[in-house]
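In the numbering used here, the protein residues as written are 6 to 143.
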């Protein structure tokens, strides 16, 4: 178990949240829904139990979307800036926290990739790409 307090927020800063306790799972999800929601090759998600999550401010600005046909997937976002935000899994057993919204470093690192059969056909692992400390001039 990893016990710590982590804080997060949206892009505009109007919504803030806090996590406490066991962060447990940190994974990359390659499913098509996560790709659509994040606009990226995969989602980077932490999972916490609902009692380890709380909105600190701006909860009234949190919108959500929950497709009827999904078993677990839903989303949450800031109505002001559109940033992804933590959402309650439909099972009620977990809160899914988009790691990119964290303002502090969690005590665990990602340890697995899930739904790899749905991986984007264009995806390349980060170690296969060139790295730059800033925007390249080319």
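Backbone N, C-alpha and C define an ideal beta-carbon position, used for all residues, glycine too.
Residue i burial status per 10 Å Cβ neighbour count (16 or more: buried)
{"i": "residue 92", "result": "buried"}
{"i": "residue 77", "result": "exposed"}
{"i": "residue 114", "result": "exposed"}
{"i": "residue 13", "result": "buried"}
{"i": "residue 86", "result": "exposed"}
{"i": "residue 33", "result": "buried"}
Residue i versus the options, residue with shortest Cα-Cα distance
{"i": "residue 65", "options": "24, 139, 19", "result": "19"}
{"i": "residue 116", "options": "39, 74, 45, 30", "result": "30"}
{"i": "residue 90", "options": "122, 70, 32", "result": "70"}
{"i": "residue 54", "options": "143, 96, 133, 131", "result": "96"}
C-alpha distance - residue i paired with residue j, whole-angstrom precision
{"i": "residue 74", "j": "residue 37", "result": "14 Å"}
{"i": "residue 106", "j": "residue 49", "result": "10 Å"}
{"i": "residue 57", "j": "residue 24", "result": "5 Å"}
{"i": "residue 130", "j": "residue 41", "result": "19 Å"}
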